[in-house]
């Protein structure tokens, strides 16, 4: 445990990890600017709430952390529309200008998210101007429910992925060679990072071109879903690799090597929008989008209204109320009879339309509905628990402050609360469940059939609000076993599920035919304060393929945070989660009881990337002896775990092997990542200023002895923490990487040869006395354990010990 506590101290003192989350409330432009100036240097993740109102700009508003190489700015979130004390969202925040003012957010190492803000006549710049390499891919610029009118949104990005959702860009202005640019995104790459990407979901661009530009030979990727582009002439200028699905446009101009990789279910039909960009009755935009989008659909559209009203999501940023929905209202907590939830579901099953169940039960919250049996849903249905008066949606970024007023009690069933029936599998229809609390079920929600289901904003375990009612345990909170494409959680804070106190799994994703489940931004094993324990046995267990697990906080679970198991468990992505210690601090919210991530029983070809894995009771990531191969473990922060950071095969450090690779199963690859050899560090020296690459005086030399391949290995270097008792380290933060080719030359044995490498990295990433480790990932995706660690030494002979040597 002492190693974990020391790691915590190191984490709180390094410049790359914010110390805690700071929260601000702004009621004027000058107050906002003062807050942004403070956020630039506070070494925190910062949440800025802006009061609703119209704010004319007399000068530019700027967020530009000039000292971020010394003090990391963290993640900046600006959300508009609040009342004066910022306790609740009540309206709209709009910045205006008659003289071409700008609002600028510029950072190299931090991330920026803007939500519920409008810019009228004000250009919006969100950009990094990085001239150096990108040390990490875990950076983003996000726009949610943003309006830019009579102006241009401009983003220049080398190290950040740009994510735009539920936003409107109208009446573009001249920008560079474009006479009417509404959106201008310039994406770039460098030698150390695969490049930035652009994602646009349910966004509307009217009377202005969308310009996607590129600087480099490595073309960036743009993914567009459910969006509307409407302009005289070509709507999109593309210089990268473009995938566009379920969108509306007239034309795409591919330039500078750009190409359209995927053009699926798109249309050029008239958008037919009203003045608020909402599709009118009869518009081809209504009910014609897809819910299978990266990160899941937001619960709200650009105007703050329900995102899915009809049978399918609309294209564009604004959802039309024109649909054939049947609405059934629950007016009693009785388990059956007129006005009950069971009766409402029966009626909805008999109605061929898309249906919604709302609640209006008299009396104080919560309302306990003790079910007489499973509620089987056989037609497309949305169950909206938050429609019950007195309920509250979650607004917390780092905690869960929702209050669901509808409590489903399984004490009389010992089975399932909500079950998708086989008719959904036949008709490929879906359910959407939000705003409910569950207790005492074997499985609270069982998605046995169908596709595109959504489970968001529900509570499993913990106290309901401040009512004093604490939910009793379920065996499993959510089981996803249908055909696929379901979403648990979502991009919005109100989508987060609180999932704890399960005797078995918080979430189980299972089934040979189950694919592409999204598990996004949930709190799994954590109580409402985001710190205390509300453990499941396993946080998340996946025995299915192509799932995407992103942005979740998974801690305190008594066994494993995430477990991947079975031959069918392949091509899953575990990205950007906190697994164990909780960010932001305090960190002592605790790790999971055993592994942060555990792979066994032939799990293969999975990606574990850009996660924070710390304080777990055994290994950070364990690829068990009977696991398969090609499990890529890259770009993570793994520190303070009681076992080793990455563990392949038998428990503890597995020494490098000079024997030939064993015969590999074509389906699953070599067992336990082929026991891929780790690199050997020969020297780590901080050179004095002089004839070394600009800003990269830390030189790491070493070699990799491994199987000869026809493509390079990726060797990654990490700093921070200390060496384990084994002499091997973990990896607090990524400081650099290098492609290393093992060729059949030099000293070789049994088809294993050695390749030597030397790389220079920034001294801002590590200093004298820091421990450096390395991992290697083969061209087919097998990642090694961490190397033996080496402490940074001084290359300055005169001042090697901090004073002049005689």
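In the working numbering, the protein residues as written are 649 to 1454. Quick reminder that beta carbons are idealized off the backbone N, C-alpha and C, glycines included. Nothing here was measured: the structure is a model prediction, and the numbers come from that model.
With fewer than three CB-CB distances shorter than 8 angstroms, the segment 949 to 965 does not count as touching the segment 821 to 835. Each of 925, 1144, 940, 920 was checked against the Cα of residue 932, and the nearest Cα belongs to 920. The Cβ neighbour count for residue 748, taken over all protein chains shown within 10 Å, is under 16; the residue is labelled exposed. According to the DSSP assignment, residue 765 belongs to the beta strand (DSSP E) that extends over 759 to 768.
For residue 679, the enclosing alpha helix (DSSP H) covers residues 677 to 689.
In the structure shown, residue 991 falls within a helical segment according to DSSP collapsed to helix, strand and coil. Assignment of residue 977 by DSSP, reduced to helix, strand and coil, places it in the strand class.
Per DSSP, the unbroken alpha helix (DSSP H) holding residue 1074 starts and ends at 1070 to 1075.
In the structure shown, residue 870 falls within a strand segment according to DSSP collapsed to helix, strand and coil. C-alpha of residue 1428 to C-alpha of residue 1088: approximately 45 angstroms in a straight line.
About 7 angstroms separates the beta carbons of residue 672 and residue 694, which is inside the 8 angstroms limit, making them a contact pair. Taken atom to atom, the span from the alpha-carbon of residue 977 to that of residue 992 is near 7 angstroms. Rounded to whole angstroms, the Cβ separation of residue 1332 and residue 1361 is 19 angstroms, and the two are not in contact under 8 angstroms. It is roughly 41 angstroms from the alpha-carbon of residue 855 to the alpha-carbon of residue 1283. Contact between the segment 882 to 894 and the segment 945 to 956 is absent: fewer than 3 CB-CB pairs across the two stretches fall below 8 angstroms.
One alpha carbon belongs to residue 903, the other to residue 868, and they sit about 13 angstroms apart. Per DSSP, residue 1259 is not a residue of any beta strand (DSSP E), being assigned neither H nor E.
In the DSSP annotation of this structure, the continuous segment of the beta strand (DSSP E) that includes residue 1401 starts and ends at 1400 to 1409. Ranking 1145, 1042, 1020 by CA distance to the CA of residue 736 puts 1042 first.
Spatial neighbours of residue 1020 in its own chain (CB-CB distance under 8 angstroms, excluding positions within 5 residues in sequence) are listed in chain order as 983, 984, 990, 1060, 1061. Under the 8 angstroms Cβ criterion, the segment 1133 to 1140 does not count as touching the segment 1109 to 1119, having fewer than three qualifying pairs. Fully contained in the segment 1207 to 1251 are the following beta strand (DSSP E) runs of length 3 or more, in chain order: 1210 to 1213, 1221 to 1223, 1226 to 1228, 1245 to 1248. In the DSSP assignment, residue 1425 falls within the unbroken beta strand (DSSP E) covering 1419 to 1425. Separation of the CB atoms of residue 1187 and residue 1172 is rounded to 4 angstroms, and the pair is thereby assigned contact status at 8 angstroms. Within the same chain, and ignoring the five residues on either side of residue 878 in sequence, the residues whose Cβ sits closer than 6 angstroms to its Cβ are 854, 919. In this structure, DSSP gives residue 984 a state outside helix and strand, which the three-state scheme calls coil.
Between residue 999 and residue 974, the C-beta gap is smaller than 8 angstroms, which places the two residues in contact. In the DSSP assignment, residue 704 falls within the beta strand (DSSP E) that extends over 701 to 704.
Residue pairing of residue 1003 in beta bridges, as defined by DSSP: 974, 1029. A residue is called buried once 16 or more other Cβ atoms fall within 10 Å of its Cβ, and residue 718, having fewer, is exposed. Relative to residue 893, the option among 925, 941, 760, 928 whose CA is nearest is 941.
The C-alpha of residue 1363 lies about 15 angstroms from the C-alpha of residue 1391. Bounds of the beta strand (DSSP E) holding residue 1355 are 1346 to 1355.
Residue 1141 sits in a helix when the DSSP states are folded into three classes. CA-CA distance, residue 1113 to residue 1323, rounds to 48 angstroms. By the Cβ-count criterion, residue 1367 is buried, with 16 or more other Cβ atoms from all chains shown falling within 10 Å of its own Cβ.
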